[in-house]
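A.B. asks: Keeping their order, the protein sequence lines are chains A and B.
Using this note's numbering, read the first sequence as starting at 28 and increasing by one per residue.
Using this note's numbering, read the second sequence as starting at 408 and increasing by one per residue.
By construction, the Cβ of each residue, glycine as well, lies at the ideal position given by its N, Cα and C atoms.
Dropping a structure here in structure tokens format, bear with me for questions.
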Amino acid sequence: MSYEIVARPHQQNFIDWAKDKPKVLVLSADLTNSCEVGKWRDTYPDRFFSMGMAEQNMLGFAAGLAREGFEPWLHTFSVFLYRRPLDQLQMSVAYPSLKVRLVGFLPGIMTPGGVTHQAIEDIAIVRAIPNMTILEVGDATEVESVIEVAHEIDGPVYIRMLRGEVSRIFPKDEPFVLNTARILSTGSDITLITSGIMTEEALRAIPLLQDRGVSVSHLHVSTLKPFTDPRIISALKSAKHGIITMENHSIIGGLGSAVAEVMAENGIGVPLQRIGLKDTYAHGASQKYLMAEYFMDAQALIRAVENALGRKLNIDEAELEEQRSVTVHSSAKAEAL
Amino acid sequence: MSDHPAEIKEIERIAKGIRRRVLEHSIANNGGYMSQACSSAELLASLYGGILNFAPVGQPIDPPTFIGVPEVGIHTYKTGQQFHGAPGDQYDRLISSPAHYALVIYSALIETKRLREDGLEHFNRDGSTVEMIGAEHSPGFETTTGSLAQALSQAGGIALARKLKKEKGNTWVFMSDGEFQEGQTYEALQAAKFHGLDKLRVIVDVNLNQCDGPMDTVMRIEPLADRIRAFGWDVTVLDGHDIPAILAAAREATNNPHVLLCYTDPVRGLAIMEERKPTLHYLRFTGADERAKYEKAYQEMVK
Numbered sequence: 028m029s030y031e032i033v034a035r036p037h038q039q040n041f042i043d044w045a046k047d048k049p050k051v052l053v054l055s056a057d058l059t060n061s062c063e064v065g066k067w068r069d070t071y072p073d074r075f076f077s078m079g080m081a082e083q084n085m086l087g088f089a090a091g092l093a094r095e096g097f098e099p100w101l102h103t104f105s106v107f108l109y110r111r112p113l114d115q116l117q118m119s120v121a122y123p124s125l126k127v128r129l130v131g132f133l134p135g136i137m138t139p140g141g142v143t144h145q146a147i148e149d150i151a152i153v154r155a156i157p158n159m160t161i162l163e164v165g166d167a168t169e170v171e172s173v174i175e176v177a178h179e180i181d182g183p184v185y186i187r188m189l190r191g192e193v194s195r196i197f198p199k200d201e202p203f204v205l206n207t208a209r210i211l212s213t214g215s216d217i218t219l220i221t222s223g224i225m226t227e228e229a230l231r232a233i234p235l236l237q238d239r240g241v242s243v244s245h246l247h248v249s250t251l252k253p254f255t256d257p258r259i260i261s262a263l264k265s266a267k268h269g270i271i272t273m274e275n276h277s278i279i280g281g282l283g284s285a286v287a288e289v290m291a292e293n294g295i296g297v298p299l300q301r302i303g304l305k306d307t308y309a310h311g312a313s314q315k316y317l318m319a320e321y322f323m324d325a326q327a328l329i330r331a332v333e334n335a336l337g338r339k340l341n342i343d344e345a346e347l348e349e350q351r352s353v354t355v356h357s358s359a360k361a362e363a364l
Numbered sequence: 408m409s410d411h412p413a414e415i416k417e418i419e420r421i422a423k424g425i426r427r428r429v430l431e432h433s434i435a436n437n438g439g440y441m442s443q444a445c446s447s448a449e450l451l452a453s454l455y456g457g458i459l460n461f462a463p464v465g466q467p468i469d470p471p472t473f474i475g476v477p478e479v480g481i482h483t484y485k486t487g488q489q490f491h492g493a494p495g496d497q498y499d500r501l502i503s504s505p506a507h508y509a510l511v512i513y514s515a516l517i518e519t520k521r522l523r524e525d526g527l528e529h530f531n532r533d534g535s536t537v538e539m540i541g542a543e544h545s546p547g548f549e550t551t552t553g554s555l556a557q558a559l560s561q562a563g564g565i566a567l568a569r570k571l572k573k574e575k576g577n578t579w580v581f582m583s584d585g586e587f588q589e590g591q592t593y594e595a596l597q598a599a600k601f602h603g604l605d606k607l608r609v610i611v612d613v614n615l616n617q618c619d620g621p622m623d624t625v626m627r628i629e630p631l632a633d634r635i636r637a638f639g640w641d642v643t644v645l646d647g648h649d650i651p652a653i654l655a656a657a658r659e660a661t662n663n664p665h666v667l668l669c670y671t672d673p674v675r676g677l678a679i680m681e682e683r684k685p686t687l688h689y690l691r692f693t694g695a696d697e698r699a700k701y702e703k704a705y706q707e708m709v710k
């Protein structure tokens with residue numbers, strides 16, 4: 028399986044999108060090129076504001092600008108949008124429900140930058156903040172189309188964004204739709220819910236599972252809050268042998284927890300297995316290495332399916348490796364900060 | 408110095424009214440943020456009674472009851488900004504940072520006929536917006552600022568937006584000196600200068616007291632004027648009870664963001680509070696005897 032690789036899908040798309048929107052501003056905290064808005068700054072210098080390495084103040088400025096009718100789009104790494112300035116996010120932005128857009132790069136374990144740069148509990152924390160909407164993109168089509176979705180929301184939005192070389196998994200004419208999961212396959216043995224980059228990883232295992240006669244209902248989720256999509260509830264209800272979630276995040280408070288809440292509220296009584304970081308920090312290494320080390324890869328998914336079914340599927344490593352899409356191999360994927 | 412004795416007399420009247428109302432409510436509620444009224448009465452009286460160019464509100468406004476917090480897509484209530492009049496190009500804005508000064512601000516609004524005289528009857532009552540520590544539904548609060556040192560950044564964003572819209576009015580921030588212990592304050596100072604926000608104006612109640620006691624024993628902030636000047640701001644240091652000096656500094660034309668460091672006395676106008684030093688942050692009577700003393704002081708104040 029291989030996908031088209033799109034280089035820096037956010038960069039030009041965001042410039043084109045913002046062209047006729049004079050109220051759209053970009054605020055940046057010294058990671059402008061790292062967040063693919065260097066060209067945006069050069070295109071619209073009057074609408075770009077460098078705030079320096081001072082995120083607490085940046086959140087406050089964003090709040091003031093939003094109160095006056097502007098739409099600030101903050102670009103920095105995820106960790107610097109919610110971890111350091113959490114009180115400012117809550118009191119200056121979330122409480123008044125202002126139209127501030129937080130575009131967070133390097134979600135989860137996507138960076139060799141290690142613990143300081145890895146946002147592994149952002150969904151858990153931001154999900155607990157009233158008025159916040161949380162969106163996460165899983166491919167280039169979603170990188171491009173999440174912008175309009177966020178723009179339409181009359182409140183603060185946190186986006187788990189992708190940069191650099193990004194696979195196009197979903198057709199360009201099937202954009203991101205708020206609170207609407209993508210149904211990637213239907214089946215009744217297992218329901219698999221994935222988000223972000225984990226969807227591409229899971230898709231490596233799906234053909235092999237189907238080959239072994241396992242019927243999988245696979246949904247890609249890109250709206251993590253609100254989490255009220257009837258498609259998800261219906262897919263969870265149809266799972267005969269178990270439900271598996273895969274997320275680029277701690278298993279506490281993110282997608283897995285949200286699914287567990289929906290299961291409990293709807294009386295869905297099959298076992299749930301949550302793939303993700305199991306209440307641990309990670310360290311600086313490549314994405315592929317970390318996904319294997321923390322049992323977050325396609326292999327981990329196969330083990331979880333075997334566990335749910337109570338039988339071995341005899342899928343070997345080589346078979347799985349053949350399914351690896353070129354993007355994960357690509358040398359272009361390794362990026363400096 | 409102001410050439411308008413009538414204006415100064417009016418501001419003196421407002422300041423007196425602020426102290427009287429806050430004392431009255433502290434006695435009635437067995438406590439209150441009294442020293443803040445003593446230190447800042449002339450500052451808030453000068454702001455509301457002279458410095459700020461606000462649109463008129465017509466009749467004093469009846470404080471609304473609490474109808475809910477802001478929600479996504481639902482902005483049903485007017486913020487406390489309505490007490491400052493409709494915003495506009497030429498008008499000023501006031502973001503009050505230390506929200507525990509709420510009672511002082513409500514009193515200033517009453518004295519300047521923006522809040523109804525009986526508005527304080529709702530003070531700290533369940534279901535009321537006239538809260539003890541104001542949020543943006545409370546009279547006179549344009550934003551939510553009770554988590555200290557966030558207002559200057561918020562006001563910086565407002566001032567930047569107004570600069571982009573080429574508005575003429577100033578954006579004022581009322582701050583307490585304790586906020587100069589928070590790192591965010593200095594982030595905001597550097598950003599305001601960097602983005603050339605010359606219509607951003609800050610007035611600080613430097614009463615040198617905080618919750619734990621005198622600031623020198625908690626965390627020193629001096630030399631405050633030098634610190635702020637080092638960030639490229641214009642700084643005026645003055646006696647925060649000297650109304651002509653406050654008015655003159657506030658009306659000074661500057662090419663930079665400007666801060667007025669107003670050194671104040673936290674027991675000004677209520678000498679018996681001297682006995683409570685060094686802890687002045689919140690007045691809670693030790694018993695009936697002390698309360699009686701304050702009642703006596705109140706009687707003298709209204710004579």
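#1: Going along chain A, which residues have a C-beta under 7 Å from B/G480?
#2: Could you run through the region 585-613 of chain B and flag, in chain order, every residue whose CB is less than 8 Å away from some CB of chain A?
#3: Whether or not the region 160-172 of chain A and the region 184-192 of chain A are in contact is what I'm after, with contact meaning three or more pairs of Cβ atoms, one per stretch, closer than 8 Å; do they touch?
#4: Between the C-alpha atoms of B/A652 and B/Q561, what's the straight-line distance to the nearest angstrom?
#5: So if I threshold CB-CB distances at 9 Å, which residues from the region 559-573 of chain B count as touching chain A?
#6: Over what stretch of residues does the beta strand (DSSP E) that includes A/P123 continue unbroken?
#7: Cβ of B/S504 less than 8 Å from any chain A Cβ?
#8: Rounded C-beta distance between B/P673 and B/C445? I'm assuming under 8 Å.
#9: Measuring straight from C-alpha to C-alpha, what distance separates B/K684 and A/P139?
#10: Leaving aside the five residues before and after A/D149 along the sequence, list all residues of the same chain whose C-beta is less than 6 Å from its C-beta, in chain order.
#11: Under 9 Å Cβ-Cβ, which residues of chain A neighbour B/E538?
#12: At a CB-CB cut-off below 8 Å, which residues of chain B make contact with A/P123?
#13: If you pair each beta-carbon of the region 418-427 of chain B with each one of the region 449-460 of chain B, do three or more pairs fall below 8 Å?
#14: Return the first residue and the last residue of the beta strand (DSSP E) that B/M642 is part of.
#15: Are at least three pairs of beta-carbons, each pair with one atom in the region 562-578 of chain B and one in the region 525-537 of chain B, less than 8 Å apart?
#16: Cβ of A/L113 less than 8 Å from any chain B Cβ?
#17: In three-state terms, what does DSSP make of B/T693?
#18: Against A/S55, what residues of chain B qualify as contacts under a CB-to-CB distance less than 8 Å, listed in chain order?
#19: Relative to chain B, which residues along the region 197-225 of chain A have a C-beta separation below 8 Å, given in chain order?
#20: Candidates B/Y484, B/H544, B/Q557: which alpha carbon is nearest A/Q117's?
#21: If contact is defined by three or more beta carbon pairs under 8 Å, each pair taking one atom from either stretch, is the region 487-496 of chain B in contact with the region 458-471 of chain B?
#22: Taking all protein chains shown into account, decide if A/H310 is buried (16 or more other Cβ within 10 angstroms of its Cβ) or exposed.
#23: To the nearest angstrom, how far is the alpha carbon of A/Y316 from that of A/V170?
#24: Any beta carbon of chain A sitting closer than 8 Å to that of B/S583?
#25: Suppose the cutoff is 6 Å on Cβ atoms and the five residues either side in sequence are ignored; what does the same chain contact list for A/P253 look like?
#26: Within the same chain, show all residues whose beta-carbon is closer than 7 Å to that of A/F107, passing over the 5 residues directly before and after it, in chain order.
#27: Determine the chain B residues that contact A/F76 at a beta-carbon separation under 8 Å, and present them in chain order.
#28: Can you check which of these residues, A/P123, A/Y71, A/A229, is closest to A/M318 by C-alpha distance?
#29: Which complete beta strand (DSSP E) runs does the region 649-690 of chain B hold, if anything under 3 residues is left out?
#30: Kindly list, in the order they appear in chain B, the residues whose Cβ is closer than 9 Å to that of A/E333.
#31: Just how far apart, CA to CA, sit B/A695 and B/E702?
#32: What does DSSP give as the partner residues of A/S222 in its beta bridges?
#33: Enumerate, from N- to C-terminal direction, the unbroken alpha helix (DSSP H) stretches of 4 or more residues contained entirely within the region 234-303 of chain A.
#34: Would DSSP call B/H482 helix, strand or coil?
#35: Beta-carbon separation of A/H245 and A/I233 under 8 Å?
#36: Closest Cβ-Cβ distance between B/Q557 and chain A: below 8 Å?
C.D. replies: For this structure:
#1: On the second sequence, position 73 is the one that residue 480 of chain B refers to. Within chain A, the residues whose beta carbon sits less than 7 Å from that of B/G480 are D181, G182, listed in sequence order.
#2: Taking 8 Å as the Cβ-Cβ cut-off against chain A, the residues of the region 585-613 of chain B that qualify are G590, Q591, E594, A595, Q597, A598, F601, H602.
#3: Result yes; three or more Cβ-Cβ pairs closer than 8 Å.
#4: Here residue 652 of chain B refers to the residue found at position 245 of the second sequence. Here residue 561 of chain B refers to the residue found at position 154 of the second sequence. Distance from the CA atom of B/A652 to the CA atom of B/Q561, rounded to whole angstroms, is 27 Å.
#5: Contacts with chain A (Cβ-Cβ distance below 9 Å) from the region 559-573 of chain B involve L559, S560, Q561, A562, G563, G564, I565, A566, L567, A568, R569, L571, K572, listed in chain order.
#6: Within the first sequence, the letter at position 96 stands for residue 123 of chain A. Per DSSP, A/P123 belongs to no beta strand (DSSP E) and is neither H nor E.
#7: Working through the second sequence from its first residue, we reach residue 504 of chain B at position 97. Answer no: the Cβ-Cβ gap between B/S504 and chain A never drops below 8 Å.
#8: One-based indexing of the second sequence puts residue 673 of chain B at position 266. One-based indexing of the second sequence puts residue 445 of chain B at position 38. Confirmed, Cβ separation roughly 6 Å.
#9: As a working note, residue 684 of chain B is residue 277 in the second sequence. As a working note, residue 139 of chain A is residue 112 in the first sequence. Rounded to the nearest whole angstrom, the C-alpha separation of B/K684 and A/P139 is 55 Å.
#10: In the first sequence, the residue the question calls residue 149 of chain A occupies position 122. Sequence-distant Cβ neighbours of A/D149 in its own chain, meaning closer than 6 Å and more than five residues away, are S105, Y109.
#11: Mapped onto the second sequence, residue 538 of chain B falls at position 131. Within 9 Å Cβ-Cβ: nothing; B/E538 doesn't reach chain A, min ~14 Å.
#12: Along the first sequence, read from residue 1 onward, the residue named residue 123 of chain A stands at position 96. Residues of chain B passing the Cβ test: P477, E543, T550, T551.
#13: Because the criterion of three Cβ pairs below 8 Å is met, the region 418-427 of chain B and the region 449-460 of chain B touch.
#14: For this step, residue 642 of chain B is matched to residue 235 along the second sequence. One detail in the question is off: residue 642 of chain B reads as Val in this sequence, not Met. From DSSP, the beta strand (DSSP E) with B/V642 extends over 641-646.
#15: Under the Cβ criterion (8 Å, minimum of three pairs), the region 562-578 of chain B does not count as touching the region 525-537 of chain B.
#16: For the purposes of this step, residue 113 of chain A is taken as residue 86 along the first sequence, with counting starting at 1. No, A/L113 does not count as interfacial toward chain B.
#17: Residue 693 of chain B sits at position 286 when you count from the first residue of the second sequence. Residue state for B/T693 is assigned as coil, using DSSP reduced to three classes.
#18: Translated into the one-based positions of the first sequence, residue 55 of chain A becomes position 28. Going along chain B, no residue has its Cβ under 8 Å from A/S55, so there is no contact; the nearest lies around 13 Å.
#19: Taking 8 Å as the Cβ-Cβ cut-off against chain B, none of the residues of the region 197-225 of chain A qualify.
#20: Position 90 of the first sequence, counted from the first residue, corresponds to residue 117 of chain A. When only C-alpha atoms are compared, the closest one is B/Q557.
#21: The region 458-471 of chain B is in contact with the region 487-496 of chain B.
#22: Mapped onto the first sequence, residue 310 of chain A falls at position 283. With fewer than 16 other Cβ atoms within 10 Å, it is exposed.
#23: Counting from 1 along the first sequence, the entry for residue 316 of chain A is found at position 289. Counting from 1 along the first sequence, the entry for residue 170 of chain A is found at position 143. Roughly 24 Å between the two C-alpha positions.
#24: As a working note, residue 583 of chain B is residue 176 in the second sequence. No, B/S583 lies away from the interface with chain A (no Cβ there is under 8 Å from its Cβ).
#25: Looking up residue 253 of chain A in the first sequence gives position 226. Shown here for A/P253: same chain residues with a beta carbon closer than 6 Å to its own, the five before and five after excluded, namely N206 in chain order.
#26: Translated into the one-based positions of the first sequence, residue 107 of chain A becomes position 80. So the qualifying residues of the chain are A56, E82.
#27: Position 49 of the first sequence, counted from the first residue, corresponds to residue 76 of chain A. Against A/F76, the close residues of chain B are L567, H602, in the order they occur along the chain (beta-carbon pairs closer than 8 Å).
#28: One-based indexing of the first sequence puts residue 318 of chain A at position 291. For the residues A/P123, A/Y71, A/A229, the minimum Cα distance to A/M318 belongs to A/A229.
#29: Counting whole runs of 3 or more residues, the region 649-690 of chain B contains the beta strand (DSSP E) stretches 665-670.
#30: Counted from its first residue, the first sequence places residue 333 of chain A at position 306. Within 9 Å Cβ-Cβ: nothing; A/E333 doesn't reach chain B, min ~42 Å.
#31: Against the second sequence, residue 695 of chain B aligns to sequence position 288. Against the second sequence, residue 702 of chain B aligns to sequence position 295. When the Cα atoms are used, B/A695 and B/E702 turn out to be separated by approximately 10 Å.
#32: Within the first sequence, numbered from 1, the residue matching residue 222 of chain A stands at position 195. Beta-bridge pairing links A/S222 to A/V248.
#33: You should have 257-264, 282-292.
#34: In the second sequence, residue 482 of chain B corresponds to position 75, counting from 1. Here B/H482 sits in coil by DSSP.
#35: What you label residue 245 of chain A is simply residue 218 of the first sequence in a count that begins at 1. What you label residue 233 of chain A is simply residue 206 of the first sequence in a count that begins at 1. Their beta carbons are under 8 Å apart, which means A/H245 touches A/I233 by this criterion.
#36: Taking the second sequence and counting its residues from 1, the one referred to as residue 557 of chain B is at position 150. At least one chain A Cβ lies under 8 Å of B/Q557.
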